[in-house]
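Note sheet for the following structure.
In this note's numbering, the protein residues as written are 1401 to 1567.
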């Protein structure tokens, strides 16, 4: 297991659209293990491969209280959604920032698991929000993109300046 470096906003690589996974092999399983290790070590509840500069459609999520219920989604698709809720979100790529984002309250998801099996399930609440957030990353969308342009510009400037001070 290797803890990977998480890209930090406003890194332009966060806006790269991920490509579908075509083969499930040991390299992909190793990536999934590294993603889970990185997510847990960073105290996150979700991580998209895009956030570690791997532009494949892979997500890991664990919204459980125990941190022992890893959900792996390969090539995820939302096939149905309903309701609407607005809640504060954070992101491992934008530390210390929360943004209120409106998302579907529930989603029906179809994806492949790490063994290559098709899975379909319904997610509600926090799990639904987290899946939608991570799927945005696969499309090159960062949650700050939901802010008005002026706020995005100010945040980009603030994050760039704080990143330069840390180097």
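Ideal Cβ placement from N, Cα and C applies to all residues, glycine included.
Residue i - DSSP class collapsed to helix/strand/coil
i	result
residue 1558	helix
residue 1566	For residue 1566, the predicted structure reports a pLDDT of 45, less than 50, and the residue's modelled location is therefore unreliable. The matter cannot be settled from this model.
residue 1445	coil
residue 1413	helix
Span of the beta strand (DSSP E) around residue i
i	result
residue 1428	Note, residue 1428: premise wrong, no beta strand (DSSP E); alpha helix (DSSP H) at 1426-1441.
residue 1406	From DSSP, residue 1406 is part of no beta strand (DSSP E); its letter is neither H nor E.
Residue i versus residue j: straight-line alpha-carbon distance, rounded
i	j	result
residue 1440	residue 1475	22 Å
residue 1435	residue 1550	33 Å
residue 1462	residue 1449	15 Å
residue 1460	residue 1446	6 Å
residue 1511	residue 1429	15 Å
residue 1421	residue 1498	30 Å
beta-carbon residue i near the ligand GTP non-hydrogen atom, thresh 7 Å
i	result
residue 1452	Summarising the ligand content, the structure contains no ligands, and the ligand GTP is consequently not present.
Q. Whole beta strand (DSSP E) runs in the region 1467-1548 with 3 or more residues, listed along the chain?
A. 1471-1482, 1485-1489, 1499-1503, 1506-1512 and 1518-1524
Q | Stretch-stretch touch, CB-based, cutoff 8 Å, three pairs: the region 1517-1536 with the region 1464-1482 | A | yes
Q) Can we say the region 1403-1421 touches the region 1536-1555, given the rule of at least three CB pairs closer than 8 Å? A) yes
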